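Taking this note's numbering, I'd label the letters of the sequence shown as residues 459 to 965. Think of the CB as a built atom: it goes at the ideal place given N, C-alpha and C, for glycine as much as any other residue. All figures in this text were calculated on a predicted structure; none of them were measured in a lab. Here's the structure we're looking at; comments come further down.
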Amino acid sequence: MSSLAQPLAENLVQSVDWLAIAPPTLAAVVGLVVLVADLFVGATKKALLGWVSVAGLAASALLLLPLTDGDRSTFCLAGHADVCSYTADRFTLVIQFLVLGGALLVALLSVTALKDADKQLPEGEYWFLLLSSAAGAALLPASRDFATLIVALEVASLPAFALVGIRQGDKKSSEAALKFFLSSVTATAVSLMGISFVYATTGTLYLAQVADRIQHVDGQFHTLAQTGVVLTLVGFAFKTAAVPFHFWVPDTYVGAPLPIAAYLSVVGKAVGFSGLILVTVIAFPSYADVWGPALAALAALTMTVGNVGALRQQATRAYSAVRLLAWSSVGQAGYLLVPIAAAAYSDDAEHSIGSTVAYALMYAAVNLGAFAVAAVVGRTRSANRITDYRGLYARNPLAALLMAFFLLCLAGLPPGIIGLFAKVTVFSAAVDAGLGWLAVVMAANVVIALFYYLQWTALLFRTPEGESVKHHLPAPLTAAITLTGVLGIVLSGAPQLVLRFADTALF
459 MSSLAQPLAE
469 NLVQSVDWLA
479 IAPPTLAAVV
489 GLVVLVADLF
499 VGATKKALLG
509 WVSVAGLAAS
519 ALLLLPLTDG
529 DRSTFCLAGH
539 ADVCSYTADR
549 FTLVIQFLVL
559 GGALLVALLS
569 VTALKDADKQ
579 LPEGEYWFLL
589 LSSAAGAALL
599 PASRDFATLI
609 VALEVASLPA
619 FALVGIRQGD
629 KKSSEAALKF
639 FLSSVTATAV
649 SLMGISFVYA
659 TTGTLYLAQV
669 ADRIQHVDGQ
679 FHTLAQTGVV
689 LTLVGFAFKT
699 AAVPFHFWVP
709 DTYVGAPLPI
719 AAYLSVVGKA
729 VGFSGLILVT
739 VIAFPSYADV
749 WGPALAALAA
759 LTMTVGNVGA
769 LRQQATRAYS
779 AVRLLAWSSV
789 GQAGYLLVPI
799 AAAAYSDDAE
809 HSIGSTVAYA
819 LMYAAVNLGA
829 FAVAAVVGRT
839 RSANRITDYR
849 GLYARNPLAA
859 LLMAFFLLCL
869 AGLPPGIIGL
879 FAKVTVFSAA
889 VDAGLGWLAV
899 VMAANVVIAL
909 FYYLQWTALL
919 FRTPEGESVK
929 HHLPAPLTAA
939 ITLTGVLGIV
949 LSGAPQLVLR
959 FADTALF
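Written out as structure tokens, the structure reads:
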């Protein structure tokens, strides 16, 4: 009896590499500390919670540095050191840097937003939800089994629903949260059904084992396995805001507090795309003939609908600036899908995935910068129309110059060199994989996007209408704009800092 119990006990006991899991763990712990501290901190000192959160996210990002000396794995299957639930490899670290760095910049924007809200937003709950979501988002790229992947996805998503609808008594915010919630829950349900089919046919949840066993499924279960693959991919397509699963994006961005819209556009996207990469390249490489054409079609449809939607925005409409950035983010999601689709046709899938990672890093820096400038304008023009940016150079030259730079980076025009090189990298990934038609669609969409990006850029330097109101920049907002501006300029001067990920092994 004891001899039978011994192997079972050994299987249940696992060693934990605390250093490997430190970045998401610290973010989660700081979130709990902030939530508890909120009970004891007086109303006049609530701002301290924000700075504790900023410090916690900065410390979490710094904990990535000791992990750069080599791959680390933990929560491994007994007797199978290479089959683990958590792996901190190059791909994981890069995405965790993007997630935690993006959350840090959003936290800086939030410090000012909460102060301007004048107690209309509950600070303790806000910071707890933001840190919890960031912890889940940082866990996801390290997940190497479907159970951990789904848990991380939901830990990242559930607090985001509450953050979108956190403005009490705001009908627009509540509607946005409901739409976001329903679409996301639908995506999760579809993904879980797909994963259950995959588990039924392979008998495992570990991505590496799924990749091996799904190739040798009995003929009678082949259709079930194929259905599982398709449903799993459909669920992640919701998370990436790929068309036709994008309908929640514009209203959600408008209804959410502006820092949360910025968070969803960058960190939320990173969550969806990192999950999609893990599922396609690690778990289902043998089904490339299924997900390759599907993702290529989704990429073409997403970039086209996103850019046409941005092009149709009326400059005088309330919240048109945020809506344009929302539709632009849908178009950018299409570009990010291109290299993942190309991985299905390429002999070097990691090179294609590296192109997506490089583009995501560029997009994160400049898109957060654009939202930071939008937050500056929104402090005096609450409707945040595109026309509100007319003559911004006369009111705040630095903000106008940086906004112009961010928009040119998104458009892929000099001096936004990093945006140009990132687009060329994605374009070349499509061409190298033999997807010439997709490269042509992308080129056409880049031209469409040029029109609305340049139109907005030109508006910044036109003669202002009416009385010129100077914009006061609080220190946190100044820090966020400065950090994104410096990052964009450095990357444009040395694009190899990001583009090297397209030429190195990430897994």
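Own chain residues within Cβ distance below 8 Å of residue i, not counting five before or after
i	result
E468	Residue confidence for E468 is low, a pLDDT of 47 falling below 50, so the modelled location carries little weight; the figure read from the coordinates is stated next. These residues qualify, in order along the chain: A536.
T526	L551
A952	none
Q771	S778, R781, L782, W785, I844, Y910
T942	L563, A823, V824, L826, G827, A830, L860, F864
Q673	S744
Cβ-based neighbour list, residue i, same chain, cut-off 6 Å, excluding 5 preceding and 5 following
i	result
P715	A571
W706	K637, F638, S641
R625	S631
Q790	Y821
F864	V824, G827, A828
F959	G812, V815, A816
Cutoff 8 Å: residue i Cβ touching any chain D Cβ
i	result
A816	Absent from the structure: chain D. Only one protein chain is present.
Per-residue DSSP class, three states only, for residue i
i	result
A546	strand
L621	helix
F533	strand
S410	Shown here, the chain extends from 459 to 965; a query on residue 410 therefore has no answer.
V835	helix
Y777	coil
A539	strand
S601	strand
Y664	strand
E923	coil
R848	coil
S568	helix
A916	helix
T606	helix
T883	helix
S787	helix
N842	coil
L871	coil
I939	helix
W476	coil
A858	helix
S950	helix
K504	coil
Contact check, residue i vs residue j, beta carbons under 8 Å
i	j	result
A695	L893	no
T760	A700	yes
V622	I740	no
A519	L579	no
M900	V796	yes
V831	I939	yes
A818	L850	no
P966	L663	No statement about residue 966 is possible, as the shown extent of the chain runs from 459 to 965 and does not include it.
L866	V729	no
T502	Y544	no
V956	A833	no
I735	I811	yes
G661	A593	no
A635	V712	no
R837	D576	no
S649	V613	no
T646	F731	no
Q554	A596	yes
L562	A516	yes
L556	P524	no
T698	K727	yes
G514	V725	no
Cβ neighbours of residue i in the same chain (closer than 7 Å, five flanking residues each side left out)
i	result
C848	In the sequence as presented, Cys is not what sits at residue 848; that position holds Arg. L917, R920, P922, E923.
V748	Q684, V687, V688
Nearest-angstrom beta carbon gap, residue j and residue i [assumed within contact, 8 Å]
i	j	result
L691	V737	7 Å
F443	S723	Outside the modelled stretch of the chain, which goes from 459 to 965, sits residue 443, for which no answer is possible.
A888	A897	4 Å
L912	R548	Actually they are not in contact, since the Cβ atoms of L912 and R548 sit about 36 Å apart, beyond 8 Å.
A768	Y910	5 Å
A799	G750	6 Å
L868	N903	Contact flag wrong, Cβ pair sits at about 12 Å.
N765	I906	5 Å
D540	A666	7 Å
V487	T532	V487 to T532, Cβ: 17 Å. No contact.
Near the ligand SAM: residue i beta-carbon under 7 Å from a heavy atom
i	result
V688	What this structure holds is no ligand at all, so the ligand SAM is not there to describe.
(message) For the structure I just gave you, are there three or more beta carbon pairs, one from the segment 739 to 747 and one from the segment 781 to 791, closer than 8 Å?
(response) no
(request) Report yes or no: do three or more beta-carbon pairs, one from the segment 586 to 602 and one from the segment 474 to 493, lie closer than 8 Å? (result) Per the Cβ contact rule, the segment 586 to 602 is in contact with the segment 474 to 493 (3 or more Cβ pairs under 8 Å).
(message) Check whether the segment 579 to 593 and the segment 832 to 847 touch, using three or more Cβ-Cβ pairs below 8 Å as the test.
(response) Contact between the segment 579 to 593 and the segment 832 to 847 is absent, with fewer than three C-beta pairs closer than 8 Å.
(message) Would the segment 560 to 576 count as touching the segment 507 to 524 if we require 3 or more Cβ pairs under 8 Å?
(response) A contact exists between the segment 560 to 576 and the segment 507 to 524.
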